[in-house]
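These notes are about the structure you will find just below.
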Amino acid sequence: MIELKGAIALIGYGLAAIGPGIGIGIVVGNAIQAMARQPEAAAVARTTMFLGIAFTEALALIGFVLFFIA
Amino acid sequence: MDVLILAAEACDTAKEIICKPGNVVELFEHKEALFSIGPFDFTRTVFLTFLAMVIVLIALFVAFRKPRVVPTKFGVIMESIVSFVRDDVAKGTIGPEGSRYAPYLLSIFLFILVGNLFELTPFINFPLTSRMAIPGMLSLFTYLIFVGVGFSKNGMSYLWGIIWPKSVPIGLRWLVGLIEFVSYFFLRPLTLAVRLFANLVAGHLMLTLLLGSGWLFFASVGDIGPRAVIGLPWFAFGLAIFVFEFVVAVLQAYIFTLLSAVYIQTSVHPEH
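Okay, structure coming up:
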């Protein structure tokens, strides 16, 4: 009785971007805490933060690519 | 009321100005080659690749041609980039033997940086890495390097260390080993390439749509009269994204280089 019409790839990508968004927020938040608690370790924390961002963003980007394939 | 329309595709086929491409192949369009020599087409991507290579070579050559104790201003910039890649990225992640891999990391960092910045130069608004061949090839080089280094330094115990990790309780070793195997040998090169590619394609697409539609609204003043001012917010937002693309370009080049260094480090020191 309820039909769904329209671009479901858009909704798919929107749902797929929730997880990495929260994940990157957690990573960067903890990195900022680490840098504030121990400023001498700020360089290591920054490097590891970029690493963490790259890994979690990969999932969002796979969703983005699949949006175009669908 | 029996039909629930979710996210309708707002594409007016009568006045088809800007619509989502019908299939993904249009995104990797094969434009008319500028000229062909035999079976090889020379498209603008090929020319831009060579141009990026020439720019990187000229920059490095000019900066380090006559080494002086007090370097010139351009030499300071290039020296800071080289020392950044060698000390922070290569030696910082790989350790003291990182200086063996520093030339490779410097080359890909500069090439990707110049290629990304091509999106922002006025007459070449086309990021070099938005055709999948280039990030794919660079990721393939990194893949070959870290697999080759892993096997040449550690022999077959490299593979055994991945599939049968000793630091995991015995009951879970096969599962963790399987996950690690798939992650090392399949996901790493793929995500490395796709991350760079998708970031740049997204930026390029947004710039094209926003600036293009803003311009189109202004250009069609004759048709729709004073409502052409609708294009102003689109154009302004496009300019803001233009500035943001600077950050994305540099950041993506840095992340590609950093991840290559981290993958090489896990091959050189697999006990971590």
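Chains as they are written, first to last, in the working numbering: chain A, 3 to 72; chain B, 959 to 1230.
No residue lacks a Cβ here, since even glycine has one placed at the ideal position from N, Cα and C.
Cβ distance (whole Å) where residue i is taken to contact residue j below 8 Å
i	j	result
S1171 (chain B)	L1063 (chain B)	The pair is not a contact, with the Cβ atoms about 39 Å apart (cut-off 8 Å).
I1199 (chain B)	L1168 (chain B)	6 Å
L1076 (chain B)	A1010 (chain B)	Residue 1076 (chain B) is actually Phe in this sequence, not Leu. Sure, about 7 Å apart at Cβ, within 8 Å.
V1107 (chain B)	S1225 (chain B)	5 Å
L1071 (chain B)	A1207 (chain B)	7 Å
G1033 (chain B)	A1017 (chain B)	So it is not a contact: roughly 11 Å between Cβ atoms.
W1122 (chain B)	G1113 (chain B)	With 8 Å as the limit, W1122 (chain B) and G1113 (chain B) do not qualify as a contact, their Cβ atoms being about 15 Å apart.
L1145 (chain B)	Q1210 (chain B)	With a Cβ gap of about 18 Å, L1145 (chain B) and Q1210 (chain B) do not count as contacting.
I1128 (chain B)	Y1142 (chain B)	Rounded, the Cβ-Cβ distance is 21 Å, inconsistent with contact.
I55 (chain A)	I26 (chain A)	6 Å
Alpha helix (DSSP H) segment containing residue i, residue limits
i	result
Y36 (chain A)	For the sequence presented, residue 36 (chain A) should be read as Ala rather than Tyr. Here the alpha helix (DSSP H) through A36 (chain A) covers 20-39.
L1009 (chain B)	1002-1022
Y1233 (chain B)	The first residue shown for chain B is 959 and the last is 1230, placing residue 1233 (chain B) beyond what the model contains.
M1178 (chain B)	First, the residue type needs correcting, since residue 1178 (chain B) is Ser and not Met in the sequence shown. Neither: S1178 (chain B) is in no alpha helix (DSSP H) and is coded neither H nor E.
V46 (chain A)	44-71
G1027 (chain B)	A small fix is needed here, since residue 1027 (chain B) is Val in this sequence, not Gly. It is not in any alpha helix (DSSP H) - V1027 (chain B) carries neither H nor E in the DSSP assignment.
F1042 (chain B)	Neither: F1042 (chain B) is in no alpha helix (DSSP H) and is coded neither H nor E.
L1222 (chain B)	Reading off the sequence shown, one finds Ile at residue 1222 (chain B), where the question assumed Leu. 1189-1226 is the span of the alpha helix (DSSP H), which, as asked, contains I1222 (chain B).
Residue i and residue j closer than 9 Å at C-beta
i	j	result
N1074 (chain B)	L1158 (chain B)	yes
F1100 (chain B)	I1222 (chain B)	One point to set straight first is that residue 1100 (chain B) is Thr, not Phe, in the sequence displayed. In contact: T1100 (chain B) and I1222 (chain B) (Cβ atoms closer than 9 Å).
L63 (chain A)	A1091 (chain B)	no
A60 (chain A)	A47 (chain A)	no
S1057 (chain B)	R1044 (chain B)	yes
A1186 (chain B)	F1195 (chain B)	no
E1203 (chain B)	L1165 (chain B)	yes
G1053 (chain B)	T49 (chain A)	no
A11 (chain A)	F57 (chain A)	no
S1115 (chain B)	H1162 (chain B)	no
M78 (chain A)	A43 (chain A)	Since the first and last residues shown for chain A are 3 and 72, residue 78 (chain A) lies out of range.
L1096 (chain B)	F1069 (chain B)	yes
L17 (chain A)	V1220 (chain B)	no
Those runs of the alpha helix (DSSP H) which lie wholly inside the segment 1116-1175 of chain B and span at least 4 residues:
1131-1140
Is there contact between the segment 1080-1096 of chain B and the segment 997-1007 of chain B, where contact requires at least three CB pairs shorter than 8 Å?
yes
Are there three or more Cβ pairs, one per stretch, closer than 8 Å when the segment 1139-1151 of chain B is compared with the segment 1208-1223 of chain B?
yes
Whole runs of the alpha helix (DSSP H) within the segment 1071-1125 of chain B, excluding any shorter than 4 residues:
1091-1112, 1115-1121
Tell me, please, whether the segment 8-25 of chain A touches the segment 52-69 of chain A by the rule of three or more beta-carbon pairs shorter than 8 Å.
yes
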